Amino acid sequence: DIAEHLTPVLLDDLREESLQLVSKLKDSSSSCAVDVSTVWWEAAGSRELCVVTACESFVSLWKPLAPHCWGKVYTWQLGEIPVIQLVPLPDTCNLVCIALGDLEIGEIRLLLYSSENDSLKQSLVKTGNIKAVLGLRDRRLVSSSRTRQEQQVEIVSLSETGRTRDGQTLMPPEETVLAFAEVEGMRDALVGTTAVNSIVVWNLKTGQLLKKMHVGYSYPTSICHRAYSDSGLLFVVLSHPHAKESECCGNPAFRVIAFNPRTARSRGVVFSSLPPGHAGRQGDVTGASAAAVLTSGAIAVWDLLLGQCTALLPPDPAGPWALARWATTGACLLAGQRDGTISLYRY
Amino acid sequence: CSESDLGPISLNWFEELSAEAPP
């Protein structure tokens, strides 16, 4: 009967063995790691899950050479605009998508390798004042961008060679869209979270804006990570990077909220809070697992269905953790330090 | 979650909202 409850988290209960260090890679030329991700890469008939590391001015692809050993195979040099984010593309092979900009995204580019002339290529997908971007199934990208007068929400399809095909626009809400999530199990549904803390739902096929539902004032600037539909309800996983600690709820990091899209009413289902004594977080979600870098330099991992913190990776002696991303497949956590060291943990 | 909290639930909410929303 308790819609939203705080599960007490005791650090003693956290099973350190739930995260097992598998391997490390270190880019000796790097001193400014900004993001890490994984991508499927096929070469000479062999398809492998590779690691992509991004610094401000270059992006590198790392292949597994031997067990627990990674080798850098390609490095794309970028121009004057710094890389600020890698954009994972689900179900895609041999394509790396990056967002570049200063304080916010100004460009989206694709990076690829051409075997025809043995060269590394870059392809410009979009420019503008881009507020959010997400890679969708079937080699598509959705983004929101603002001009002074209006907001544009656009989907572009990408070819295998990195060319962009005709775009499709979605009806924009009045407020700025800050994050997107595909609705799992519903091919044509997409959700977004906005600057005034609303969830919006689109029909991807028709571009219609179907519903706008308010998340509530307790958790400002909520960010959607995952969404799925079940039994007539829309479940959305939200993170709350700026929520303040409260007596009733502790320090909220993630919530699963059930929305009834017919009535726009909602209820919290599971609540995941920060471990006691920790603050600040920048999170990533895969399946029912969430990970976040805390301001202490530790990484916390939660089971979102239980609402429990399941692992806490203390700051590495060589330097605090700065990045926490899930690999696009398998239960693998990519933990990064600013000096370019990436540690792969099995979860 | 129950209907008393969230109002009438429809399994076909996506199709229904698509039929009702402006094109």
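Residue numbers (the working numbering), protein chains in the order written: chain A, 15 to 361; chain B, 6 to 28. Just so it is clear, CB atoms sit at the ideal spot from N, CA and C, and this is done for glycine as well. Since the structure is predicted, the reported quantities are computational estimates derived from the model, not experimental observations.
Taking Cβ-Cβ distances shorter than 9 Å, what residues in chain B pair up with residue i?
| i | result |
| --- | --- |
| A/Ala203 | Phe19 |
Spatial neighbours of residue i within its chain, please: C-beta separation below 6 Å, excluding the five flanking residues on both sides.
| i | result |
| --- | --- |
| A/Arg269 | Leu252, Gly282 and Phe285 |
| B/Pro13 | none |
| A/Arg240 | Ala195, Val251 and Val299 |
| A/Tyr233 | His254 and Ala257 |
| A/Tyr242 | Glu198, Gly199 and Phe249 |
| A/Thr342 | Thr52 and Pro102 |
| A/Asn143 | Ser159 and Arg160 |
| A/Ile16 | Low per-residue confidence applies at A/Ile16: pLDDT is 34, beneath 50, and the placement is therefore not dependable, though the value from the model is reported in the following sentence. Once the five neighbours on either side are set aside, A/Ile16 has no close Cβ partner at all. |
| A/Ser280 | Ile271 and Phe273 |
| A/Lys86 | Ser74 and Trp76 |
| B/Glu20 | none |
| A/Arg352 | Ala47 and Ala336 |
| A/Ser171 | Arg154 and Arg179 |
| A/Ala68 | Val48, Asp49, Val97 and Leu100 |
| A/Gly344 | none |
Do residue i and residue j have their C-beta atoms closer together than 8 Å?
| i | j | result |
| --- | --- | --- |
| A/Gly354 | A/Asp49 | no |
| A/Lys77 | A/Trp54 | no |
| A/Ala267 | A/Ala306 | yes |
| A/Trp90 | A/Val65 | no |
| A/Ala47 | A/Gly350 | yes |
| A/Ser51 | A/Leu100 | yes |
| A/Cys111 | A/Ile98 | no |
| A/Leu39 | A/Tyr361 | no |
| A/Asn265 | A/Thr235 | no |
| A/Leu224 | A/Ile169 | no |
| A/Leu327 | A/Trp340 | no |
| A/Gly181 | A/Ser137 | no |
| A/Leu125 | A/Val139 | no |
So which residues of chain B does residue i contact, with C-beta pairs closer than 8 Å?
| i | result |
| --- | --- |
| A/Leu218 | Residues of chain B passing the Cβ test: none, with the nearest at roughly 11 Å. |
| A/Pro275 | Trp18, Phe19 and Leu22 |
| A/Arg279 | Asp10, Leu11 and Gly12 |
| A/Met227 | In chain order: nothing, as chain B lies at least about 11 Å away. |
Who are the Cβ neighbours of residue i in its own chain at under 7 Å, not counting the five residues just before and after it?
| i | result |
| --- | --- |
| B/Ser23 | none |
| A/Gln222 | Met185 and Trp216 |
| A/His82 | Val36 and Ser37 |
| A/Val23 | With a pLDDT of only 41 at A/Val23, under the threshold of 50, the placement of this residue in the model should not be trusted, and no figure is reported. |
| B/Ser15 | Glu21 |
Just to confirm my understanding: we take residue i, look at its own chain, exclude 5 residues before and 5 after, and list those with CB closer than 8 Å. What are they?
| i | result |
| --- | --- |
| A/Glu164 | Pro186 |
| A/His19 | Note that A/His19 has pLDDT 36, beneath the 50 cutoff, so the model's placement of it is unreliable and no number is given. |
| A/Leu318 | Val251, Phe268, Val270, Val284, Ser286, Val299, Ala302, Ser303 and Ala304 |
Using alpha carbons as the reference points, say which of the options lies closest to residue i.
| i | options | result |
| --- | --- | --- |
| A/Arg179 | A/Gly264, A/Arg154, A/Val210 and A/Thr106 | A/Arg154 |
| A/Thr190 | A/Ala209, A/Cys83 and A/Thr277 | A/Ala209 |
| A/Glu70 | A/Val87, A/Val36, A/Pro81 and A/Ile119 | A/Ile119 |
| A/Pro329 | A/Tyr242, A/Ile313 and A/Leu134 | A/Ile313 |
| A/Ser74 | A/Ala349, A/Val205, A/Asn211 and A/Leu134 | A/Leu134 |
| A/Ile237 | A/Leu33, A/Arg360, A/Ala146 and A/Gly59 | A/Ala146 |
| A/Asp202 | A/Ser212, A/Tyr231 and A/Val156 | A/Val156 |
| A/Glu62 | A/Gly93, A/Leu109 and A/Glu130 | A/Leu109 |
| A/Arg160 | A/Glu188, A/Glu174 and A/Ser171 | A/Glu188 |
| A/Arg295 | A/Gly230, A/Ser173 and A/Val315 | A/Val315 |
| A/Ser260 | A/Ala278, A/Ala272, A/Arg279 and A/Pro290 | A/Pro290 |
| A/Glu174 | A/Gly344, A/Gly297 and A/Ser129 | A/Ser129 |
| B/Glu25 | A/Arg276, A/Leu318 and A/Leu347 | A/Arg276 |
| A/Glu246 | A/Val205, A/Phe273, A/His228 and A/Val229 | Residue identity differs from the one stated: residue 246 of chain A is Gly in this sequence, not Glu. Minimum Cα distance to A/Gly246 is reached at A/Phe273. |
| A/Ala432 | A/Gly93, A/Asp132 and A/Phe72 | As displayed, chain A neither begins before 15 nor continues past 361, which places residue 432 of chain A out of reach and without an answer. |
| A/Ala293 | A/Ala304, A/Thr309, A/Arg279 and A/Ala278 | A/Thr309 |
| A/His228 | A/Val167, A/Val87 and A/Ala278 | A/Ala278 |
| A/Ile95 | A/Tyr88, A/Asp116 and A/Leu192 | A/Asp116 |
| B/Pro28 | A/Cys107, A/Val139 and A/Thr220 | A/Thr220 |
| A/Leu347 | A/Leu204, A/Leu319 and A/Gly297 | A/Gly297 |
| A/Gln166 | A/Leu124, A/Pro331 and A/Leu192 | A/Leu192 |
| A/Leu148 | A/Pro331, A/Ala304, A/Thr207 and A/Tyr359 | A/Thr207 |
| A/Pro104 | A/Ala113, A/Arg151, A/Asp317 and A/Leu172 | A/Arg151 |
| A/Cys107 | A/Ser60, A/Ala113 and A/Ile356 | A/Ser60 |
Could you list which residues in chain B have their beta carbon closer than 7 Å to that of residue i, in chain order?
| i | result |
| --- | --- |
| A/Gly246 | Ile14, Ser15, Leu16 and Trp18 |
| A/Leu224 | Leu22, Ser23 and Ala26 |
For residue i, is the beta carbon positioned less than 7 Å from some heavy atom of the ligand PLP?
| i | result |
| --- | --- |
| A/Pro102 | You won't find the ligand PLP in this model; it holds no ligand whatsoever. |
Would you say residue i lies against chain D (beta-carbon separation less than 8 Å)?
| i | result |
| --- | --- |
| A/Arg269 | Here chain D cannot be found, since the structure's protein chains are A and B. |
Can you check the segment 224 to 272 of chain A for any beta strand (DSSP E) of at least 3 residues that lies completely inside it and give the ranges in chain order?
When DSSP assignments are scanned along the segment 224 to 272 of chain A, the uninterrupted stretches of beta strand (DSSP E) that are 3 or more residues long and fall wholly within it turn out to be 237 to 244 and 247 to 253.
Going along the chain, which unbroken runs of the beta strand (DSSP E) with 3 or more residues stay wholly within the segment 35 to 77 of chain A?
47 to 57 and 60 to 69
Inside the segment 291 to 322 of chain A only - alpha helix (DSSP H) runs reaching at least 4 residues:
none
Counting only runs that start and end within the segment 125 to 193 of chain A, where is the beta strand (DSSP E) found for 3 or more residues in a row?
133 to 150, 154 to 160, 165 to 172 and 178 to 184
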